[in-house]
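Below is one structure; the comments refer to it alone.
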Amino acid sequence: MTTSNLSPAEVVDRYTELIYHQRDLSALDDLISDPLIRHEPDGTRVALTTTQARERIATFHKEFRAMRFSNRKIVQDSNSVAAAYEADLVDESGAITTICGIEIFTVVEGRIIEVWNAPAGSGSWG
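In case it helps, my numbering puts the sequence shown at residues 4 to 129.
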């Protein structure tokens, strides 16, 4: 299935499933634009090539042997998705850390082109 036939929320779900749950970083080639723009909370924008995005996420995978994201709330329009997520992150010792946060994605022609993501908080959403 090509990602251009998917809704923005379906593209983001596919991204989460393939990149984080299945750890298939080759899927980035079909799911993100090159460059991908990350909007940081300090007012900066970071343009990541697909290779840089892959390296960034690979670092996260090295830190945790498993991770499971779930969306508590999704809001979408024609090309944007806001996801209030929770994630259980399992480190090498088996300890589980739960985090929560909100990410906003812009999806154009089946690819994520922009992400807004502030640092995650500890624990689950209330």
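For every residue, glycine included, the Cβ atom is placed at its ideal position computed from N, Cα and C.
Quiz item: Straight-line CA distance for T47 to N82?
Solution: If you number the sequence shown from 1, residue 47 lands on position 44. If you number the sequence shown from 1, residue 82 lands on position 79. Going by the C-alpha atoms only, they are around 22 Å apart.
Quiz item: D32 and T53: beta carbons closer than 8 Å?
Solution: Locating residue 32 in the sequence shown gives position 29, where the first residue counts as 1. Locating residue 53 in the sequence shown gives position 50, where the first residue counts as 1. Less than 8 Å divides the Cβ of D32 from the Cβ of T53.
Quiz prompt | Segment limits, beta strand (DSSP E) that includes A56 | solution = Within the sequence shown, the letter at position 53 stands for residue 56. For A56, no beta strand (DSSP E) segment is defined; the enclosing uninterrupted segment is the alpha helix (DSSP H) at T53 to E66.
Practice problem: Between the Cα of F72 and those of C103, A50 and V111, spot the shortest distance and give me the residue it belongs to. | Solution: Residue 72 sits at position 69 when you count from the first residue of the sequence shown. The shortest C-alpha separation from F72 is found at C103.
Quiz item: How would you call R114, buried or exposed, if buried means at least 16 neighbouring beta carbons within 10 angstroms?
Solution: In the sequence shown, counting from the first residue as 1, residue 114 sits at position 111. Counting the other CB atoms within 10 Å of its CB gives R114 a total of 16 or more, which places it among the buried residues.
Quiz item: Taking the alpha-carbon positions, what's the E66 to A90 distance?
Solution: For the purposes of this step, residue 66 is taken as the residue at position 63 of the sequence shown. For the purposes of this step, residue 90 is taken as the residue at position 87 of the sequence shown. Computed Cα separation, rounded: 14 Å.
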